[in-house]
Amino acid sequence: MGQAIICKGLKKQLGNFTLDYPVFTVAEGTVHGLIGANGSGKTTTLKLLLGLLRQDAGDVAVLGSTNIGVDDQARNSIGFMVDGAGIPSMLNPIELGRLFQSLYTYWDASYYQQLLMQFHLDSKKPYRKCSRGMKVKIQLALALSHNAKLLILDEPTSGLDPVSRDEIITLLSRYSEDENHTILISSHITSDLEKLCDYVTFLEDGKIRLSSEKDELLERYRLIQIPSTRIADVEPNTIKGRRDGQFQSEFLMRTEEVPPFGEAQRVTLEQIIIMLSVGGDWS
Amino acid sequence: MNTIITLMLKDWYVLKSKSGLTLFLIVFFAVFAGLQGGFLYTAMCTMMMVMLTITTFAYDQSDGWEAYVSALPVSRKAVVQSKYLFGLLTVLVSVVLVLVFSLVFRGFQVDVLLNALQLQISIGIFFLSLNYPLILKFGFEKSRVWYILVTFLIVGAGSALSSIASQTGFQNNSLVSVFMVILVVALLVVSYFISLGILKRKEFIEI
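Protein chains in written order, with the numbering used here: chain A, 5 to 287; chain B, 50 to 256.
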């Protein structure tokens with residue numbers, strides 16, 4: 005399996021913020037989620053991969069292209085949705101389709117039409133008059149209709165109702181079934197990423213704290229509830245994250261280090277992030 | 050070339066739904082330029098036409114299209130070329146409008162038509178050449194302050210030159226007209242390369 009994205013020694017300084025990745029890769033044919041708080045570097049990463057920002061140091065290769073900013077051919081194979089980079093708000097989906105047909109080599113007009121119908125989008129309604137959910141669907145329809153090998157999506161499900169979110173997750177799942185298709189997606193909504201992703205990377209202050217296969221990560225940790233009276237019996241080094249209550253505490257621990265007297269539960273991505281982010285041990 | 054036409058088509062789509070009043074005023078000024086001739090109506094017709102293209106920059110920046118198009122399989126050179134071509138096309142349309150109304154209302158008068166042509170080309174190209182790089186560099190809002198400053202400097206320099214010319218007794222109007230056209234075409238070429246440099250180096254940090 006090749007790599008759709010390879011970043012080595014990547015550095016980017018933006019004011020007081022520094023993005024610094026020794027290595028970050030996204031394997032071809034996988035769905036890779038970027039998770040992190042606001043300002044952790046998700047959007048900056050995606051902009052660097054799309055050529056909207058230039059790195060200060062290091063190498064970035066996207067679909068084999070080491071200079072995506074000037075490589076129109078490679079950009080032909082990328083579908084994207086990045087916060088703030090928007091389509092012309094005065095245009096309606098029909099006009100957008102006409103434009104994109106001329107800009108992309110492999111534009112599939114019938115699939116675009118099919119997506120517009122599937123999403124119940126009004127083809128003649130200007131983009132600016134559409135709801136947040138409709139706007140996301142139009143952007144996704146544009147990103148998916150030119151046989152892209154790589155999708156780069158920034159918070160595609162943010163601000164959407166559960167039904168629309170599920171519709172989009174289902175569509176992306178279907179897209180990812182093709183082994184030539186790769187998705188890099190950032191989101192705050194970890195439950196969406198948990199459904200969709202094969203790999204996840206946690207970002208904090210421009211650094212990669214954790215990057216792993218999702219299933220392996222979910223197996224790696226357990227959430228343990230320990231009564232206050234037994235906390236002293238827990239080996240402190242085994243506690244990766246904790247949340248203290250009045251009568252009991254919740255500890256995040258590696259599965260093999262769970263003490264016999266604790267009640268172990270499976271964890272969600274959200275629980276892992278929260279417990280590691282609040283003074284947790286990322287090692 | 051297909052890409053450039055497509056990007057110009059985008060600008061047309063942007064303008065067509067929001068420019069009814071401006072288009073009405075452009076025709077209004079063209080009609081009066083045709084009826085009465087003179088600097089004001091002719092210049093206003095061209096200026097309003099170029100203003101339309103400047104409006105597309107404002108929409109591009111507020112929509113985030115400048116960033117979006119930079120991630121599409123479109124070169125930044127094509128984006129700049131489409132803007133300049135669209136601008137020149139609008140100048141051409143304003144020339145044709147004034148020409149048609151002049152012919153309709155006042156018949157064929159070579160000197161009137163040539164004066165209008167020279168005025169429209171000079172003003173139109175000057176206006177777009179000055180505005181485009183400033184908008185690309187500073188954004189639509191901030192560029193207006195820079196535009197006033199740069200216009201003040203250029204007009205000041207022009208007045209100084211004209212004062213020197215009158216003091217030295219230089220009064221060859223046709224030579225001045227040719228010189229003006231050459232000057233604005235040179236300004237256009239310089240402006241294009243500056244805009245290209247700005248967009249090629251541009252990073253979309255706060256999009």
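Even glycine gets a Cβ: it sits at the ideal position worked out from N, Cα and C.
- Residue pairing of A61/A in beta bridges, as defined by DSSP: K15/A.
- Taking a C-beta distance under 8 Å as the contact criterion, A79/B and A89/A do not qualify as a contact pair.
- As the crow flies, the alpha-carbon of K251/B is around 48 Å from that of Q158/B.
- Annotated three-state conformation of K59/B is helix, per DSSP.
- Closer than 7 Å at the C-beta level to chain A, one finds these residues of the segment 104-135 of chain B: Y108, D112, G113, W114, A116, Y117, S119, A120, L121, P122, V123, S124.
- With fewer than three CB-CB distances shorter than 8 Å, the segment 261-270 of chain A does not count as touching the segment 94-103 of chain B.
- For the pair A41/A and E208/A, the Cα-to-Cα distance works out to about 7 Å.
- P130/A sits in coil when the DSSP states are folded into three classes, being neither helix nor strand.
- A distance of 8 Å or more separates the beta carbons of F21/A and G284/A.
- Looking at the backbone, the Cα of T71/B and that of A165/B are separated by about 21 Å.
- Against chain A, the CB of I170/B has no partner CB under 8 Å away; the residue lies outside that interface.
- Residue state for F28/A is assigned as strand, using DSSP reduced to three classes.
- In this structure, N80/A sits near P122/B, with a CB-CB distance shorter than 8 Å.
- Rounded to the nearest angstrom, the Cβ distance from G83/B to S151/B is 5 Å, consistent with a contact under 8 Å.
- In the DSSP assignment, H36/A forms a beta bridge with L188/A, Y203/A.
- Of all alpha-carbon atoms in K15/A, G245/A, K218/A, the one lying nearest the alpha-carbon of R58/A is that of K15/A.
- DSSP, read as helix, strand or coil, puts S216/A in strand.
- Residue contact with chain A for I53/B: absent (no Cβ-Cβ distance below 8 Å to any residue of chain A).
- Contacts with chain A at 8 Å (Cβ-Cβ) include E252/B.
- Straight-line measurement puts the Cα of L154/A at about 6 Å from the Cα of I187/A.
- The beta carbon of V118/B sits closer than 7 Å to the beta carbons of V128 from its chain, once the five residues preceding and following it are set aside; these are given in chain order.
- Here V262/A carries a coil assignment [DSSP, helix/strand/coil].
- In terms of Cα proximity to E183/A, the closest of D24/A, D202/A, T242/A, S191/A is D202/A.
- Closest by C-alpha distance to Y179/A, out of V30/A, Q7/A, V35/A, L18/A, is V35/A.
- Residue burial annotation: M121/A is exposed, with fewer than 16 other C-beta atoms found within 10 angstroms of its C-beta.
- CA-CA distance, I278/A to R247/A, rounds to 10 Å.
- Of the candidates G43/A, K51/A, I10/A, the residue whose Cα lies closest to the Cα of A31/A is I10/A.
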